[in-house]
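Student: Under full-length UniProt numbering, the first residue of the sequence shown carries the number 1, and numbering increases by one thereafter.
Built from N, CA and C at the ideal position, the CB exists for glycine as well.
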Amino acid sequence: MKQDYSAILHHKYSLEDGHVTAQITSIDGYKGVMMTNNEDENRDQSPFSSVLSLEAIQQDPKLLKENNIVGVHIHHGSLAPKFQFLKEQYGLPMFVGFRGKDATAFPKKKENLKLLKKLFQTGDLFFPVCEHLKQEIIKLGCPKHKIRVLYGGVDLERFECRPRKIDIEKKIRFLAIGRFVEKKGFQDLIRAFAEVKERHLNVKLILVGNGPCELEYRKLIKSLFLTGSVQIIPWVDYQKIQTKYYRSHIFCAPSRTDLEGNQEGIPNTLKEAMATGMPIVSTTHAGIPELVKNKVSGLLVPEGSVIELAQAMIWLVEHPEYWEKFGKNARKKVETHFNMKLQLKKQKKFYDEIILKK
1 MKQDYSAILH
11 HKYSLEDGHV
21 TAQITSIDGY
31 KGVMMTNNED
41 ENRDQSPFSS
51 VLSLEAIQQD
61 PKLLKENNIV
71 GVHIHHGSLA
81 PKFQFLKEQY
91 GLPMFVGFRG
101 KDATAFPKKK
111 ENLKLLKKLF
121 QTGDLFFPVC
131 EHLKQEIIKL
141 GCPKHKIRVL
151 YGGVDLERFE
161 CRPRKIDIEK
171 KIRFLAIGRF
181 VEKKGFQDLI
191 RAFAEVKERH
201 LNVKLILVGN
211 GPCELEYRKL
221 IKSLFLTGSV
231 QIIPWVDYQK
241 IQTKYYRSHI
251 FCAPSRTDLE
261 GNQEGIPNTL
271 KEAMATGMPI
281 VSTTHAGIPE
291 LVKNKVSGLL
301 VPEGSVIELA
311 QAMIWLVEHP
321 EYWEKFGKNA
331 RKKVETHFNM
341 KLQLKKQKKF
351 YDEIILKK
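(1) Could you round the C-beta distance between residue 248 and residue 303 to whole angstroms and report it? I think they count as a contact, below 8 Å.
(2) Cα-Cα, which of 187, 288, 238 and 242 is closest to residue 222?
(3) So, with DSSP's three-state summary, where would you put residue 1?
(4) Could you name the residues that DSSP lists as bridge partners for residue 34?
(5) Apart from the five residues just before and just after residue 2, which ones in its own chain have a Cβ nearer than 7 Å to its Cβ?
(6) Does DSSP classify residue 173 as helix, strand or coil?
(7) Have a look at the DSSP bridge pairing and note the partners of residue 294.
(8) So residue 279 packs on residue 322, CB below 8 Å; how close in whole Å?
(9) Could you tell me the alpha carbon to alpha carbon distance between residue 54 and residue 9, rounded to whole angstroms?
(10) Checking 8 Å against the spacing of the C-beta atoms, do residue 155 and residue 22 come in under that value?
(11) Measuring only the C-alpha atoms, how far is residue 75 from residue 61?
(12) May I ask which residues mark the beginning and end of the alpha helix (DSSP H) holding residue 205?
(13) May I ask which residues mark the beginning and end of the alpha helix (DSSP H) holding residue 274?
(14) Report all residues from its chain with a CB closer than 7 Å to the CB of residue 220; omit the five preceding and five following residues, and keep chain order.
(15) Is it the case that the Cβ atoms of residue 266 and residue 149 are separated by a distance below 8 Å?
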């Protein structure tokens with residue numbers, strides 16, 4: 001078998017998640033083949049040039065050999081049990097990612113935990129996106145020797161480091177990007193921003209995203225008389241997101257555990273913001289302290305603490321002389337530990353570890 005022609009079958013939740021694309025299309029020596037659920041989903045799978053549906057594979061397993069599939073990578077642990085037959089019936093090495101909810105909220109149901117325990121015995125390697133989630137899946141029964149932490153990387157060529165300074169308008173812009181769901185903590189951020197606004201009039205908060213909590217956020221903004229100071233912008237294309245970073249001064253990621261126990265891994269937007277040289281305000285939630293070091297690249301506060309979040313935001317407003325230092329340290333951290341090229345090399349190494357033994 002010539003490695004240049006080997007292919008990995010991939011499956012993930014959504015094409016809208018551009019952060020996973022490179023893990024499918026850019027692994028040296030392994031062609032990425034996107035796996036959909038059925039033929040209807042095959043119509044528009046850009047940017048993936050090679051697509052197979054689960055439906056077609058089940059009807060004609062010869063497609064696996066014809067496409068030289070040598071492994072399968074399911075990017076969310078909660079989806080993996082559905083595809084376990086590819087390992088059990090056809091002997092394909094199975095790699096499974098864990099990104100947050102799949103290692104925290106999903107296993108709280110007994111039937112889901114049972115599925116994961118079987119998966120841990122069958123699968124070859126498991127890729128949590130941070131050390132925190134590694135410990136979570138160990139608690140669930142995943143053998144330690146099967147775990148390889150695979151941080152999601154940032155394409156540093158897309159994000160130039162531009163340390164922030166107060167611009168000619170003297171308006172300080174806070175930015176937060178993500179799905180409008182409870183675990184992102186944006187309700188805490190809005191309340192904290194209200195405290196900042198009490199002290200400083202020259203501030204603005206920009207929320208970029210969409211999701212089920214949007215109406216709640218809008219009502220909260222109105223009730224706190226922040227309509228003119230908080231802007232909600234619909235989710236923008238992954239390729240255009242960098243303009244939002246560079247027009248802002250301080251990035252906020254107030255993540256928290258939601259009522260169902262759902263946690264983050266490490267927010268990808270937080271890594272990108274740091275790559276641009278932006279100082280950070282975030283929480284000690286999940287894997288975030290693996291990325292952000294308190295008082296080095298930004299400020300960390302306990303999750304769910306609106307008062308301490310507000311204090312951190314106010315401190316950065318009042319101490320712009322620290323922005324450049326924090327921003328440069330943030331960029332350096334991403335360059336050394338969350339560099340996409342480095343992480344893709346690790347991913348290839350992990351594939352080789354199993355596939356080349358066959």
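Tutor: Looking at the atomic coordinates:
(1) Sequence index remark: in the sequence shown, residue 248 carries index 248 (1-based). Sequence index remark: in the sequence shown, residue 303 carries index 303 (1-based). With 8 Å as the limit, residue 248 and residue 303 do not qualify as a contact, their Cβ atoms being about 22 Å apart.
(2) Here residue 222 is taken as the residue at index 222 of the sequence shown, counted from 1. Of all alpha-carbon atoms in 187, 288, 238 and 242, the one lying nearest the alpha-carbon of residue 222 is that of 187.
(3) Numbered from 1 along the sequence shown, position 1 holds the residue referred to as residue 1. Interpretation of residue 1 is limited by its pLDDT of 40, a score under 50 that renders its predicted location unreliable; the figure taken from the coordinates is listed afterwards. Coil, per DSSP.
(4) Counting from one through the sequence shown, the residue named residue 34 turns up at place 34. Within the DSSP secondary-structure output, residue 34 pairs in a beta bridge with 10 and 51.
(5) Your numbering for residue 2 matches position 2 in the sequence shown. Low per-residue confidence applies at residue 2: pLDDT is 40, beneath 50, and the placement is therefore not dependable, though the value from the model is reported in the following sentence. Cβ neighbours of residue 2 beyond the five flanking positions: none.
(6) For this step, residue 173 is matched to residue 173 along the sequence shown. In this structure, residue 173 counts as strand in the three-state DSSP scheme.
(7) As a working note, residue 294 is residue 294 in the sequence shown. Bridge pairing for residue 294: 298 [DSSP].
(8) Along the sequence shown, one-based indexing puts residue 279 at 279. Along the sequence shown, one-based indexing puts residue 322 at 322. About 7 Å; that satisfies the 8 Å criterion.
(9) For the purposes of this step, residue 54 is identified with residue 54 of the sequence shown, where counting begins at 1. For the purposes of this step, residue 9 is identified with residue 9 of the sequence shown, where counting begins at 1. Between residue 54 and residue 9, the C-alpha separation is close to 10 Å.
(10) Reading the sequence shown from its first residue, position 155 is the one you call residue 155. Reading the sequence shown from its first residue, position 22 is the one you call residue 22. Their beta carbons are under 8 Å apart, which means residue 155 touches residue 22 by this criterion.
(11) Within the sequence shown, the letter at position 75 stands for residue 75. Within the sequence shown, the letter at position 61 stands for residue 61. If I take the Cα positions, the gap works out to 22 Å.
(12) Translated into positions along the sequence shown, residue 205 becomes position 205. For residue 205, there is no enclosing alpha helix (DSSP H); the residue is part of the beta strand (DSSP E) that begins and ends at 203-208.
(13) If you number the sequence shown from 1, residue 274 lands on position 274. Secondary structure note for residue 274: its alpha helix (DSSP H) is the uninterrupted segment 268-275.
(14) Position 220 of the sequence shown, counting from 1, holds the residue named residue 220. The answer, listed in chain order, is 187 and 190.
(15) Indexing the sequence shown from 1 puts residue 266 at position 266. Indexing the sequence shown from 1 puts residue 149 at position 149. No, the pair does not count as a contact, with Cβ atoms beyond the cut-off.
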